[in-house]
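Below is one structure, written out as structure tokens; comments come after it.
Residue numbers (this note's numbering): 8 to 258.
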């Protein structure tokens, strides 16, 4: 569910551009939504003997071509809800296959940049480069071993102040409050898109159903949290374990 939610979130060009700017440029608005072009995520390629080729298929989560000051790059985002110690090798595989496909199409070869959008609740502890992952590289060979980077954006620790897209910012802020069990922080008199709230619930694996929330495409957060707390009480959930105070109305 979280994979499909991530793809849905990043189909929004504004969200995709903002997340890329956060991953690559510390929030500077380098990539613009209007400069994005969708690409196929099927990275099929043929390997093996000429007379008996084997087709290898790899599917990237989200791939777009972006123009930066008139120069094109291909950007791939891989969503992970759990830690994967071998992620650097998967990224290398995806990127290399993207280059191979460009060469075989006999078109211009664009640079490829990738990163992981990690929505798990545990800290991502994998090395950020291929060389850091490999063990016992002979010093004499170290300069000749190609390296590969693995940028990781962790939903739980993102600095939402560096985001400019409203939807992405809402999803990040709500997710972080849910991760922390800080539901009182969500109880404020503002309106957000219902879909953004449900995306955060999916990413954090929080047991919230659509029918638990007020009807409509937008919800008032104060009203929504009051209804949720009432449901918790009705089901006999001990809110103290979730850092929730006793039910009260703030509206």
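Idealized CB from N, CA, C, for every residue including glycine.
Three-state secondary structure assigned by DSSP to residue i
| i | result |
| --- | --- |
| residue 142 | coil |
| residue 107 | helix |
| residue 37 | coil |
| residue 114 | coil |
| residue 215 | coil |
| residue 136 | strand |
| residue 186 | helix |
| residue 25 | helix |
| residue 177 | helix |
| residue 241 | helix |
| residue 88 | coil |
| residue 222 | coil |
| residue 148 | coil |
| residue 170 | coil |
Classification of residue i by the beta-carbon crowding that lies within 10 angstroms, buried from 16 upward
| i | result |
| --- | --- |
| residue 163 | buried |
| residue 266 | A question about residue 266 goes unanswered here, because the residues of the chain that appear run from 8 up to 258. |
| residue 112 | exposed |
| residue 178 | buried |
| residue 32 | exposed |
| residue 121 | buried |
| residue 11 | exposed |
| residue 180 | buried |
| residue 136 | exposed |
| residue 86 | buried |
| residue 18 | exposed |
| residue 142 | exposed |
DSSP beta-bridge partners of residue i
| i | result |
| --- | --- |
| residue 120 | 82 |
| residue 161 | 125 |
| residue 70 | 83 |
| residue 227 | 198 |
| residue 75 | 78 |
| residue 156 | 136 |
Residue nearest to residue i in terms of C-alpha spacing, selected from the options
| i | options | result |
| --- | --- | --- |
| residue 68 | 40, 97, 78, 74 | 97 |
| residue 216 | 205, 93, 122 | 205 |
| residue 140 | 77, 91, 32 | 91 |
| residue 132 | 107, 121, 95 | 95 |
| residue 74 | 20, 88, 104 | 20 |
| residue 196 | 170, 225, 153, 17 | 225 |
| residue 160 | 152, 153, 170 | 170 |
| residue 221 | 24, 232, 213 | 232 |
| residue 194 | 186, 234, 214 | 234 |
| residue 242 | 172, 214, 191, 34 | 214 |
Limits of the alpha helix (DSSP H) - the one that residue i falls within
| i | result |
| --- | --- |
| residue 45 | Unbroken run through residue 45 is the beta strand (DSSP E), 43-45; no alpha helix (DSSP H). |
| residue 8 | Looking at the DSSP string, residue 8 is not in any alpha helix (DSSP H), and its letter there is neither H nor E. |
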